[in-house]
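K.L.:
One structure coming up, written as C-alpha cells, with questions to follow.
2 protein chains.
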Amino acid sequence: MIADLKVADVPHISTEICRIATQAGADYVIVQGFLGEDVIESCSRAADIFVVCDMSHPGALDFITPNIEKIAEKAKKYASGIVGPATRPESIKTLKRITGELPLISPGVKAQGAEVGDAIRAGADFEIVGRAIYMSRDPADEAERIYKKLKEIGDI
Amino acid sequence: MIADLKVADVPHISTEICRIATQAGADYVIVQGFLGEDVIESCSRAADIFVVCDMSHPGALDFITPNIEKIAEKAKKYASGIVGPATRPESIKTLKRITGELPLISPGVKAQGAEVGDAIRAGADFEIVGRAIYMSRDPADEAERIYKKLKEIGDI
Chain X
1 MIADLKVADV
11 PHISTEICRI
21 ATQAGADYVI
31 VQGFLGEDVI
41 ESCSRAADIF
51 VVCDMSHPGA
61 LDFITPNIEK
71 IAEKAKKYAS
81 GIVGPATRPE
91 SIKTLKRITG
101 ELPLISPGVK
111 AQGAEVGDAI
121 RAGADFEIVG
131 RAIYMSRDPA
141 DEAERIYKKL
151 KEIGDI
Chain R
157 MIADLKVADV
167 PHISTEICRI
177 ATQAGADYVI
187 VQGFLGEDVI
197 ESCSRAADIF
207 VVCDMSHPGA
217 LDFITPNIEK
227 IAEKAKKYAS
237 GIVGPATRPE
247 SIKTLKRITG
257 ELPLISPGVK
267 AQGAEVGDAI
277 RAGADFEIVG
287 RAIYMSRDPA
297 DEAERIYKKL
307 KEIGDI
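Respectively, the protein sequence lines represent chains X and R. The first sequence begins at 1 in the numbering used here and counts up by one. The second sequence begins at 157 in the numbering used here and counts up by one.
Set out below in C-alpha cells:
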C-alpha cells in the first residue's frame with residue numbers, strides 16, 4: 001500500500017509523518033521532492049518513499065515543472081520510486097532518463113486530461129486511475145476496460 | 157485555530173482537505189504556495205488560508221527560497237496570511253515588502269536555530285514556538301520567558 005500523503009513539511013515533522021504511516025501499515029509513503037534534499041533524505045530513513053518530481057495540474061508549471069531535473073537528481077539518491085504526471089509525457093521522459101530503473105507511477109489519467117496509455121508510452125511503469133473508475137457508473141467495468149487498454153500497449 | 161496541514165496536492169484534493177479542515181473547526185488552513193496558483197486559488201474558495209512562501213529548514217534553499225517573490229505575488233491575491241521562516245530574516249523582509257498588510261506568521265524559532273525576536277524584528281507579525289516550549293522541562297515557565305522577550309521587542 002502506498003500512502004499518498006504528499007508529505008511537505010520540515011524534516012522532523014515529515015519524518016514523523018512517514019514513521020507513523022509506516023507503523024500504520026503503509027509499504028511506501030509519497031513525499032514532495034520540492035521540499036529539498038534534507039526532507040527527502042530524512043523521510044527515507046523513516047519509510048520507503050516515492051518522491052513527487054512533477055505534478056499533473058496546470059499550476060505545477062509555476063514552480064515545480066521548471067525544477068524537475070534537479071528534484072529527480074535528489075530523489076534518485078533516496079527513493080524507492082518516483083511520481084510523475086500522465087498529463088506531461090515530456091516530464092515522464094525526462095524523469096526516466098534521470099532516474100533509470102526506479103519505478104515511476106503516474107497520476108492524472110482521464111479526469112485530469114491524459115488518455116489511458118499516455119504515461120506508459122512515455123516510459124511510466126504504472127498509471128494511477130482514480131476518479132475515472134470510482135466516479136463511473138460501473139467502476140468494475142471501467143477498470144476492466146482500462147486494464148485491457150493498458151495490456152494492449154504492454155503487448156506492443 | 158490554524159490547521160498546519162501544509163496542503164500540497166492537486167487542486168481537487170487540496171480543496172477537499174481545506175473543506176474538511178474548515179468543517180472540523182479550523183479557522184485557517186496552511187497551504188504550500190509552491191504548488192502553484194491554481195491550488196492556492198481553489199483552496200481559498202474552500203477555506204481561509206495561510207500560504208507557505210518560504211520555509212525554515214536548510215533544504216528549502218534547494219527549490220523554495222529561490223522562488224519566494226513569485227510565490228508571494230500569487231499568495232497575496234488569495235491568502236488571509238502568509239508563512240515565512242524565522243531562520244531567514246531576509247526572506248521575511250522580502251515577503252513583507254510584497255505582501256504588505258497580510259499577517260506573517262513565522263516558525264523555526266529556537267529548535268530550528270532562530271532566536272526569539274529575530275522574525276518579529278524582520279517584520280513578522282507572530283512567531284510560532286513549538287518544541288522550545290513543549291519539550292522544555294517547564295513549558296509554562298518557558299512560554300512566559302519567551303512572551304516577555306517578545307513583549308520587550310514590541311515595546312522598543
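Virtual Cβ for every residue (Gly too), placed ideally from N, Cα, C.
Report the residue from X:I64, X:I153, X:E142, X:T22 whose alpha carbon sits nearest the alpha carbon of S44 (chain X).
P.N.:
Here the closest residue by C-alpha is X:T22.
K.L.:
Which stretch, first to last residue, makes up the beta strand (DSSP E) that contains T160 (chain R)?
P.N.:
Residue identity check: residue 160 (chain R) is Asp in the sequence provided, not Thr. Run containing D160 (chain R): 158-163, per the beta strand (DSSP E) assignment.
K.L.:
Can you give me the start and stop residues for the beta strand (DSSP E) that L35 (chain X) sits inside?
P.N.:
Element bounds for L35 (chain X): n/a, residue is neither H nor E.
K.L.:
Could you say if the segment 12-29 of chain X and the segment 181-191 of chain R meet the contact criterion of at least three C-beta pairs nearer than 8 Å?
P.N.:
Too few Cβ pairs lie closer than 8 Å, so no.
K.L.:
Would you call the CB atoms of K149 (chain X) and V109 (chain X) closer than 8 Å?
P.N.:
No, they are not a contact pair.
K.L.:
Are the CB atoms of K232 (chain R) and T255 (chain R) within a distance shorter than 8 Å?
P.N.:
Yes, the Cβ-Cβ distance between T255 (chain R) and K232 (chain R) is below 8 Å.
K.L.:
Let me know if E144 (chain X) comes out buried or exposed under the rule of 16 or more other beta-carbons within 10 Å of its beta-carbon.
P.N.:
The residue in question, E144 (chain X), is exposed, as its Cβ has fewer than 16 Cβ neighbours within 10 Å.
K.L.:
Name the chain X residues that come within less than 7 Å of K162 (chain R), Cβ to Cβ?
P.N.:
A8, D9, listed in chain order.
K.L.:
In whole angstroms, what is the alpha-carbon distance linking E257 (chain R) and I248 (chain R)?
P.N.:
Cα to Cα, E257 (chain R) sits roughly 13 Å from I248 (chain R).
K.L.:
What is the residue span of the beta strand (DSSP E) that I205 (chain X) lies within?
P.N.:
An answer regarding residue 205 (chain X) cannot be provided, because it is not within the stretch 1 to 156 covered by chain X.
K.L.:
Please tell me whether P245 (chain R) has its Cβ less than 8 Å away from any Cβ of chain X.
P.N.:
So no, P245 (chain R) is outside the interface.
K.L.:
Residues of chain X with CB closer than 9 Å to the CB of I227 (chain R), please, in chain order.
P.N.:
Neighbours of I227 (chain R) on chain X, chain order: D62, F63.
K.L.:
May I ask which residues mark the beginning and end of the beta strand (DSSP E) holding L104 (chain X)?
P.N.:
Unbroken beta strand (DSSP E) run through L104 (chain X): 104-106.
K.L.:
So the alpha helix (DSSP H) I227 (chain R) belongs to, where does it begin and stop?
P.N.:
Segment 224-234, the alpha helix (DSSP H) holding I227 (chain R).
K.L.:
What three-state label does DSSP hand A157 (chain X) in the structure shown?
P.N.:
This structure cannot settle anything about residue 157 (chain X), because the visible part of chain X is limited to 1 through 156.
K.L.:
Residues of chain R with CB closer than 7 Å to the CB of M1 (chain X), please, in chain order.
P.N.:
Result: empty, since nearest Cβ-Cβ is about 18 Å, beyond 7 Å.
K.L.:
Three-state secondary structure (DSSP) at G154 (chain X)?
P.N.:
It is helical.
K.L.:
Using a Cβ-Cβ distance cut-off of 8 Å, determine whether T262 (chain R) contacts chain X.
P.N.:
The amino acid at residue 262 (chain R) is misidentified as Thr; the sequence shows Ser. Taking Cβ atoms only, chain X never reaches closer than 8 Å to S262 (chain R), which makes this a no.
K.L.:
Between the segment 126-144 of chain X and chain R, which residues of the former have a C-beta closer than 9 Å to a C-beta of the latter?
P.N.:
Against chain R - using a Cβ distance shorter than 9 Å - the residues of the segment 126-144 of chain X are R131.
K.L.:
Closer than 8 Å by C-beta to G181 (chain R): which residues in its own chain qualify, once you throw out the five before and the five after it? Chain order, please.
P.N.:
Taken in chain order, the residues that qualify are M157.
K.L.:
Which residues of chain R have a Cβ atom closer than 9 Å to the Cβ of F34 (chain X), listed in chain order?
P.N.:
Within chain R, the residues near F34 (chain X) are A164, Q188, F190, L191, D218, F219, I220.
K.L.:
Classify I312 (chain R) as buried or exposed, calling it buried when 16 or more other Cβ atoms lie within 10 Å of its own Cβ.
P.N.:
Note that I312 (chain R) scores a pLDDT of 48, beneath 50, so its modelled location is shaky; the value from the coordinates is reported in the next line. It counts as exposed.
K.L.:
If you count every other CB in all the chains shown that lies within 10 Å of the CB of P85 (chain X), and 16 or more means buried, which is it?
P.N.:
Buried is the call here.
K.L.:
Express the C-alpha separation of V208 (chain R) and I186 (chain R) in angstroms, rounding to a whole number.
P.N.:
About 7 Å.
K.L.:
Taking the beta strand (DSSP E) that I49 (chain X) falls in, what are its first and last residues?
P.N.:
I49 (chain X) -> beta strand (DSSP E) spans 49-52.
K.L.:
Starting from the beta carbon of D27 (chain X), find every residue of chain R whose beta carbon is closer than 7 Å, and list them in chain order.
P.N.:
What D27 (chain X) touches in chain R: nothing, since even the nearest Cβ is about 20 Å away.
K.L.:
Would you mind stating whether Y78 (chain X) and F50 (chain X) have Cβ atoms separated by less than 8 Å?
P.N.:
It is not a contact, given that the beta carbons lie outside the stated cut-off.
K.L.:
Where D38 (chain X) and P214 (chain R) are concerned, what is the direct C-alpha to C-alpha distance, given to the nearest angstrom?
P.N.:
Cα-Cα distance, rounded: 7 Å.
K.L.:
Determine, using beta carbons only, whether S262 (chain R) and I289 (chain R) come nearer to each other than 8 Å.
P.N.:
No, they are not a contact pair.
K.L.:
Within 10 angstroms of the Cβ of K151 (chain X), are there 16 or more other Cβ atoms? Answer buried if so, exposed if not.
P.N.:
Its Cβ having fewer than 16 others within 10 Å, K151 (chain X) is exposed.
K.L.:
With 16 other CB atoms within 10 Å as the buried threshold, where does P222 (chain R) fall?
P.N.:
Flag for P222 (chain R) reads exposed.
K.L.:
Would DSSP call A270 (chain R) helix, strand or coil?
P.N.:
Reduced to three states, the DSSP call for A270 (chain R) is strand.
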